[in-house]
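>
Residue numbers (the numbering used here): -6 to 148.
(1) On the CB-based measure, 16 or more other CB atoms within 10 Å of its CB, does residue 43 come out buried or exposed?
(2) Can the beta-carbon of residue 4 be found less than 8 angstroms from the beta-carbon of residue 53?
(3) Would you report the Cα separation of residue 25 and residue 111, rounded to the nearest angstrom?
(4) Quick one: complete alpha helix (DSSP H) runs, 4+ long, within the stretch 45 to 127?
(5) If the criterion is Cβ atoms closer than 8 angstroms, does the pair residue 64 and residue 36 meet it?
(6) Considering just the uninterrupted stretch of the alpha helix (DSSP H) at residue 34, what are its terminal residues?
(7) Would the stretch 118 to 136 and the stretch 71 to 80 be scored as touching if the rule is three or more Cβ pairs under 8 angstroms?
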């Protein structure tokens, strides 16, 4: 008979606790006066993400877990994941100084390079297209995206 508390279920319990903590802290996100009664506000996406994580962690606890081969962890190529985390952290620091457009373009272009895309025209077109489209949608919705301190100093 297999024990119920497997490695996957231990991770599921930890993930459930983190998800519940995330949902609890999402309640502290400040809302503008005019957006308190809106159906979609600053808390909506964190609530959706938190609930999705709770559902996934509950599925990890409920569903039967397969046997886990720890030797597979040694075969993982973890270097690109660590570099991508560093890029995302750098993006968080860059966005205030360089602005949304330039820092998002740099993040996407460097992410494509990291993942193996080597055609410069495709990298430039896709990164610029995704960044510009997202900026356009946010502008239509009336959501302010910081142009950056570097560009504000020039005007």
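C-beta: ideal position from N, C-alpha, C; glycine also.
On the basis of the data shown:
(1) buried
(2) yes
(3) 44 angstroms
(4) 64 to 68, 72 to 91, 93 to 107
(5) no
(6) Neither: residue 34 is in no alpha helix (DSSP H) and is coded neither H nor E.
(7) no
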